[in-house]
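K.L.:
The structure's right below; bear with me while I get my questions together.
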Amino acid sequence: MAFLASTVRIERLLLNAFTLQVILHCDELVFAVLAPASCLQLIKDAVPLRVPGLTGWKRLSTPWIKLSLLAIALPVAFVYTLAPRIRIMEDALEALCGGDVSFLAVELADGAVVTAVPEKPSTGVQSYCYRAILQRTGLPSARAG
Numbered sequence: 175m176a177f178l179a180s181t182v183r184i185e186r187l188l189l190n191a192f193t194l195q196v197i198l199h200c201d202e203l204v205f206a207v208l209a210p211a212s213c214l215q216l217i218k219d220a221v222p223l224r225v226p227g228l229t230g231w232k233r234l235s236t237p238w239i240k241l242s243l244l245a246i247a248l249p250v251a252f253v254y255t256l257a258p259r260i261r262i263m264e265d266a267l268e269a270l271c272g273g274d275v276s277f278l279a280v281e282l283a284d285g286a287v288v289t290a291v292p293e294k295p296s297t298g299v300q301s302y303c304y305r306a307i308l309q310r311t312g313l314p315s316a317r318a319g
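Heads up, the sequence shown is in the working numbering, so the first residue is 175 and it goes up one at a time.
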């Protein structure tokens, strides 16, 4: 289901959600189409099974055991799944945005890339446009660096 969370466009999200719905309910559809009517009626008339509840110390300790397992599982999941991905994203951010950024690069319509180092900034650091872009990108100020 991770593909649903990573889908950006609404069209793809709807298509992926529909596909997931078909996959999750495929067994019920096959059973409804292929099973004889007597089997369908037997399943429809079946009574749910009753499971007796926990009593005594088991009833009192079960929520604490579940909470303890969750408290152990979350940090383990973070360390082994999220932390490496976060490091990869930080490395990518440093590779893409770190270092010398005092140049301009433009991709032309034919695919060629033109780069240049400006002699002086065309927008003053005190202008509204410069400050708005700086605030939106969250980059450090040229005066601070």
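Note that beta-carbon positions come from the ideal geometry of N, C-alpha and C, so glycine has one too.
Quick caveat: nothing in here was measured; it's all calculated off a predicted structure.
(1) Would you tell me roughly how many angstroms separate the C-alpha atoms of Thr229 and Pro222, rounded to the nearest one?
(2) First and last residue of the beta strand (DSSP E) that includes Leu278?
(3) With a cut-off of 8 Å on the beta carbons, I'd call Leu282 and Pro292 a contact; round off their distance for me.
(4) What separation, rounded to the nearest whole angstrom, lies between the Cα atoms of Glu264 and Ala251?
(5) Whole-angstrom Cβ separation of Leu187 and Thr181, contact assumed at under 8 Å?
(6) Expressed to the nearest angstrom, what Euclidean distance is found between the alpha-carbon atoms of Ala306 and Glu268?
(7) Note the first and the last residue of the continuous beta strand (DSSP E) segment covering Ala245.
(8) Along the alpha helix (DSSP H) that carries Val287, what are the first and last residues, could you check?
(9) Give every residue of the same chain whose Cβ lies closer than 6 Å to the Cβ of Cys271, excluding the five residues on either side of it in the sequence, and list them in chain order.
P.N.:
Looking at the atomic coordinates:
(1) 22 Å
(2) Segment 278 to 281, the beta strand (DSSP E) holding Leu278.
(3) That pair is no contact at about 18 Å.
(4) 19 Å
(5) 4 Å
(6) 22 Å
(7) Careful: Ala245 lies outside any beta strand (DSSP E), inside the alpha helix (DSSP H) at 231 to 251.
(8) Looking at the DSSP string, Val287 is not in any alpha helix (DSSP H); the run it does join, the beta strand (DSSP E), is 287 to 290.
(9) none
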